[in-house]
Every structure is written in C-alpha cells, then in structure tokens.
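Going left to right, the sequence shown walks through residues 0 to 231 as numbering that gives the first Met the number 0 numbers them. Note that beta-carbon positions come from the ideal geometry of N, C-alpha and C, so glycine has one too. On a predicted model such as this, the values are computed, not experimentally measured, just so you know.
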Amino acid sequence: MRIGAVIPCAGRGIRMGPGDPKQFLELEGKPIVAWAAERLQASPVVETIVIAAAGDQIEFMKRIVSDHGLSKVCAVVPGGARRQDSVRNGLRALSEVSAGLVLIHDGVRPFVDPAIIESLLGELSQADAAIVGVRAKDTIKLSDGERIVRSSPSRDAVWIAQTPQLFRRSDLESAFERAESDHFSATDEATLIERLGKRVAIVEGSYDNIKVTTPEDLELARIIARRKQVTV
Numbered sequence: 000m001r002i003g004a005v006i007p008c009a010g011r012g013i014r015m016g017p018g019d020p021k022q023f024l025e026l027e028g029k030p031i032v033a034w035a036a037e038r039l040q041a042s043p044v045v046e047t048i049v050i051a052a053a054g055d056q057i058e059f060m061k062r063i064v065s066d067h068g069l070s071k072v073c074a075v076v077p078g079g080a081r082r083q084d085s086v087r088n089g090l091r092a093l094s095e096v097s098a099g100l101v102l103i104h105d106g107v108r109p110f111v112d113p114a115i116i117e118s119l120l121g122e123l124s125q126a127d128a129a130i131v132g133v134r135a136k137d138t139i140k141l142s143d144g145e146r147i148v149r150s151s152p153s154r155d156a157v158w159i160a161q162t163p164q165l166f167r168r169s170d171l172e173s174a175f176e177r178a179e180s181d182h183f184s185a186t187d188e189a190t191l192i193e194r195l196g197k198r199v200a201i202v203e204g205s206y207d208n209i210k211v212t213t214p215e216d217l218e219l220a221r222i223i224a225r226r227k228q229v230t231v
C-alpha cells in the first residue's frame with residue numbers, strides 16, 4: 000500500500016523567542032524542515048510528501064523544497080490554526096495521489112532514522128496504527144491545576160511519543176471527523192486515533208530524534224548534527 004507523508008510546519012514557534020520560525024532555523028547551513036523532509040525522502044516506502052506551511056510562508060517553503068532537491072514533495076499547502084488543522088489540510092492534498100497509508104512527521108524533528116518507517120509499517124500487521132516513542136528516563140508526576148501531585152505512574156509503562164506516526168488513511172479521516180464533531184483538540188494524531196478505540200503500537204525510537212522547540216533544543220540539535228554528520 001502506498002505511503003504518503005504529511006509534514007505539519009505552520010507553527011510560529013513562540014517558545015523559541017523572536018526571530019525566524021523554528022522550522023527555518025539552520026543546522027549546518029540547512030533549514031531544520033529540509034533536514035526533516037530529507038529523512039522521509041530517504042525512505043524507500045514513502046512515495047510522496049506534502050508540507051503544510053503558514054500562508055505567508057508558502058513561497059519561502061517552496062524555495063526550500065527546490066533548493067534542497069526535495070523531489071518527493073508534491074505540494075506545499077496552507078496550514079491551519081492548530082496542528083490537526085494543518086495535518087488535515089495536508090491529508091486533503093494527498094487525495095490526489097491515492098495514498099492508503101499516511102505518515103505524519105513534525106517539521107522540526109531533523110534526526111529521525113528513515114529505517115524506522117519500515118518498522119512502523121511492519122506493526123500494522125497487528126495494530127491499527129504505529130508511532131515512534133522513547134521510554135521515559137525521569138519519574139513522571141501527574142498534577143492538578145494547582146501543581147499538586149495526584150499520582151505517579153510507573154515509569155515502566157510511560158513512553159514519550161515522537162513522530163513519525165503511521166495511520167491508515169480511512170482511520171485518520173474518521174478521527175478528524177470525530178474530533179471536529181466533538182470540538183476536540185490534540186497534540187498528536189495518535190490521540191485522535193485512540194479516541195476511536197483503535198490499537199496503536201509503539202516502535203522504540205532514539206533520544207536523538209528531538210523536537211526543536213526551545214533555544215536549548217536548538218543548541219542540542221547543533222551538537223547532534225555535528226556528531227552524526229548526517230548525510231541523506
């Protein structure tokens with residue numbers, strides 16, 4: 000079955016502080032979003048990619064696609080106010096390529112291993128969806144609105160969700176429809192799929208697969224980029 004990928008990349012990155020949006024910040028002379036897209040392009044099972052960008056950034060994003068030879072990118076579409084709006088817009092653009100499976104990957108995760116996408120695909124023989132995650136290193140505390148600890152879940156059962164995340168297209172469309180009907184917002188698409196009662200498998204990933212959100216993340220990303228000397 001064909002895999003189409005959507006990269007939501009319309010965020011303004013207010014936690015990064017003033018300046019360019021985080022997806023356009025450079026590592027080793029290349030925008031972070033280009034690193035992320037190149038990693039998906041390197042996977043033999045990903046056939047096409049759609050990037051969802053803020054409306055006033057679409058032309059700049061198209062130049063990045065051209066300048067970095069991102070030949071699998073078939074469209075750059077307007078993003079939305081929320082992450083799930085951006086992903087849904089990207090999903091609509093994939094309708095023209097008849098992708099039965101949809102891979103979602105954050106535009107600010109530059110170091111994903113392309114090989115893990117095939118591991119996600121393998122999980123769909125026994126699950127409805129598959130996501131990348133890493134085990135929690137720290138003890139997790141759940142609190143109330145006043146920052147009072149209410150429970151401490153076993154660390155053995157806690158995973159930190161990452162992307163990419165792989166779904167059947169029909170399930171993802173149903174999940175978006177349910178969320179819209181319920182006025183529900185989520186920070187990842189797996190949460191929407193879980194609300195349908197679907198089984199979501201976890202593939203253990205890498206702690207290097209960071210999401211560049213804060214200035215501290217950016218400094219770490221620069222270190223990882225130099226250490227890995229990533230080439231795609």
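- If you ignore the 5 residues before and after Asp84, its C-beta comes within less than 8 Å of the C-beta of Gly78, all in its own chain and listed in chain order.
- The straight-line gap separating the alpha-carbon atoms of Ala92 and Leu123 is approximately 23 Å.
- Burial state of Gly54 is exposed, judged by a 10 Å Cβ sphere holding fewer than 16 other Cβ atoms.
- Rounded to the nearest whole angstrom, the CA to CA distance from Lys136 to Ala51 is 32 Å.
- Around the C-beta of Lys140, fewer than 16 other C-beta atoms lie within 10 Å, and the residue is accordingly described as exposed.
- Take the alpha-carbon of Lys210 and the one of Val72: they are about 21 Å apart.
- Within a 10 Å sphere around the beta-carbon of Glu188 sit 16 or more other beta-carbons, which makes this residue buried.
- Ranking Ala35, Met0 and Ala9 by CA distance to the CA of Ala220 puts Ala35 first.
- Distances from the alpha-carbon of His104 to those of Ala9, Arg154 and Ile222 put Ala9 closest.
- Annotation: Arg91 is outside any beta strand (DSSP E); the continuous alpha helix (DSSP H) that includes it extends over Arg82 to Leu93.
- Taking C-beta atoms as the reference points, Leu119 and Val202 count as a pair closer than 7 Å.
- By the C-beta criterion, the stretch 141 to 156 is judged not to be in contact with the stretch 126 to 133, since fewer than 3 inter-stretch pairs fall below 8 Å.
- Arg225 and Ser142 have their C-alpha atoms some 38 Å from each other.
- With 16 or more other CB atoms across the displayed protein chains lying within 10 angstroms of its CB, Phe23 is buried.
- In the three-state scheme derived from DSSP, where H, G and I count as helix and E and B as strand, Gln56 is classed as helix.
- Taken in chain order, the complete alpha helix (DSSP H) segments of 4 or more residues contained in the stretch 135 to 200 are 168 to 181 and 188 to 193.
- Sequence-distant partners of Val148 (beyond 5 residues in either direction) whose C-beta falls short of 6 Å from its own C-beta, in its chain, are Lys140 and Ser142.
- Cβ atoms of Val44 and Ile116 come within 8 Å of each other, at about 6 Å.
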